[in-house]
Amino acid sequence: ATMLAIELIDEQNLNFRRTENLLLRDQARQIAMGLELLARQILEKDYEDDPDKDSLDEAWASEYSFPFEGGTVTGQLEDFQGRFNLNSLLNDDGSHNDRAIERFRRLVSITARDLDGEPVVVDTVVDSVVDWIDADQLPELSGAEDGIYTSRNPPYRAANFWFTTPSELRAVNGVTPELYDRLHGLVSALPPSGPQSASARRININTAKPELLQALSPDVTEAVASDWIESRGSQGFESVEEFWKIAAPQLQPHTIPDDLEVGSRYFGLSVTVSIGTTRLAMYSLFERSSQGVVTRLRAYDAD
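Numbering-wise (the numbering used here), the sequence shown opens with residue 3 and increments by one.
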């Protein structure tokens, strides 16, 4: 009888902890949603103030942290057109976007420098990423399709579809954990087709990270990219034309990219809520236009 009573008490305690954890996760999710609402309002106000320009001195570019009874919530908005869009590797019709592929090749090469751990073969990474999203089962020269992935443990298949989040890179052949740690903050997965795809393929030079600026053209060295960042400052360039006054003399005419802008349509929000031992991370992708701000994707990770 004593053992039975102890077992019942242990079971009740376990059920109580499970219920408590569920309640805390639900509370954390509600708090994260509240910060998402605030972020959308900030982006809407920013668009009202200036719909044509976005730069790193604006309110949306700040990190937000709010303590509350029993925990804290932090959030960071980021311009996702300051990243490389993985879905730009293919055109809307599914054909290869050669300029984007070569740009991505340079970006991978830059981020793979001086990495610890397993060596990175740049061509394997680039070709395998292209194979991950193209519709066929024909591997690129150094790429990978189902034949590679189904032989792994556990086996899986190539998506053969557009990236939904950059985290999918972890499953792609050739992407080592060390490369992913460096690369995932430099790339995005924006809508691949439809009337918004043109905006999703454009890069905001006011918010682009140094590695992406360097990957824009084979003429852009690390020193040139640093010079551009110093010239733009936190306030950014007022127009692409202002940027070209600085950049054009440093580039060969045939390498000058024509997919740059100073405003953005897509933003990402990362939120972390901590309540006691419960931690919830939330990621949201926003699309902003004259019609307002819409959440295109929301994902959670809890522990």
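Where a beta carbon is used, it is the ideal one built from N, C-alpha and C, also for glycine. Quantities reported herein were computed from a predicted structural model and do not represent experimental measurements.
How many angstroms separate the CA atom of residue i from the CA atom of residue j?
i	j	result
D116	V123	13 angstroms
A160	S57	37 angstroms
T223	E147	34 angstroms
L140	G119	30 angstroms
D229	E244	14 angstroms
K211	D81	10 angstroms
L88	D129	12 angstroms
Y268	L143	33 angstroms
D52	S291	12 angstroms
L59	E65	The sequence shown places Asp at residue 59, not Leu. Computed Cα separation, rounded: 12 angstroms.
L287	R300	7 angstroms
L282	V273	8 angstroms
R310	T113	The structure shown does not extend to residue 310, since the chain spans only 3 to 305, so no value can be given for it.
P220	A41	36 angstroms
T280	G36	18 angstroms
T257	V226	14 angstroms
P255	A102	18 angstroms
G96	D138	10 angstroms
P251	V242	15 angstroms
E232	K247	14 angstroms
Y182	E46	32 angstroms
D177	Q43	It should be noted that the sequence gives Val, not Asp, for residue 177. If you take the alpha carbons of V177 and Q43, they lie about 37 angstroms apart.
Q293	N155	47 angstroms
A7	E289	In this prediction, A7 scores a pLDDT of 49, lower than 50, which makes its location untrustworthy; the coordinate-derived value is nonetheless stated afterwards. Rounded to the nearest angstrom, the two C-alpha atoms are 56 angstroms apart.
Y151	R234	44 angstroms
G149	H98	21 angstroms
N162	Q78	31 angstroms
D100	L253	19 angstroms
In or out: residue i buried (at least 16 other Cβ within 10 Å) or exposed?
i	result
Q216	buried
V296	exposed
Y302	exposed
E240	exposed
D136	buried
G270	buried
N208	buried
S153	exposed
R298	exposed
P175	Per the sequence shown, the amino acid found at residue 175 is Asn instead of Pro. By the 10 Å Cβ count, N175 comes out buried.
Q83	buried
A34	buried
L39	exposed
I11	Note that I11 has pLDDT 49, beneath the 50 cutoff, so the model's placement of it is unreliable and the number below is only indicative. Label assigned to I11: exposed.
P194	buried
S190	buried
E71	exposed
Q61	Per the sequence shown, the amino acid found at residue 61 is Ala instead of Gln. Classification of A61: exposed, given that the 10 Å Cβ count is below 16.
So the candidates are the options; which of them puts its Cα closest to the Cα of residue i?
i	options	result
S266	S111, L25 and Y49	Y49
R27	S90, N155, S272 and G73	G73
G55	I33, Q252, I205 and M284	Sequence inspection shows Lys at residue 55; the Gly mentioned does not correspond to that position. Answer by Cα proximity: I205.
T76	V226, R85, S111 and A30	A30
L25	I150, S286, G278 and S201	G278
P157	G145, P193, A173 and F163	A173
W134	R105, W164, D125 and R108	W164
F68	L171, V275, S169 and Y285	V275
Y285	S169, T257 and P255	S169
V264	G238, Q32 and S233	G238
P167	P259, E71, R85 and A61	The question names Pro, yet the displayed sequence has Thr at residue 167. Of the candidates P259, E71, R85 and A61, the one whose C-alpha sits nearest the C-alpha of T167 is R85.
A200	L262, H98 and Q32	L262
R108	G145, D125, N93 and N99	D125
V110	N23, L171, Q32 and D94	L171
P179	P121, L253 and S236	P121
If you measure from the CB of residue i, is any heavy atom of the ligand MN nearer than 7 angstroms?
i	result
P69	Absent from the structure shown: the ligand MN. Ligands present: none.
Answer yes or no: does any C-beta atom of chain B fall closer than 8 angstroms to that of residue i?
i	result
D116	Protein chains in the displayed structure number just one, and chain B is not present.
Report back the beta-carbon spacing between residue i and residue j to the nearest angstrom; my notes put them in contact at under 8 angstroms.
i	j	result
L312	L188	The requested residue 312 is not part of the displayed model; the chain covers only 3 to 305.
L91	V131	7 angstroms
A202	L218	Between L218 and A202 the Cβ distance is about 17 angstroms, and since that is not below 8 angstroms, they are no contact.
| Residue ranges of each alpha helix (DSSP H) within the region 86 to 141, 4 or longer | 100 to 113 and 124 to 135
Exercise for review: Please list the segments of the alpha helix (DSSP H) lying wholly inside the region 145 to 171, counting only runs of 4 or more residues, in order along the chain.
Suggested key: 148 to 151
Requested in this report: Run through the region 224 to 282 for me and flag every whole alpha helix (DSSP H) of 4 or more residues, listed as ranges in chain order.
Outcome: 224 to 234 and 242 to 249
Which complete alpha helix (DSSP H) runs does the region 174 to 223 hold, if anything under 4 residues is left out?
179 to 185, 199 to 202 and 212 to 217
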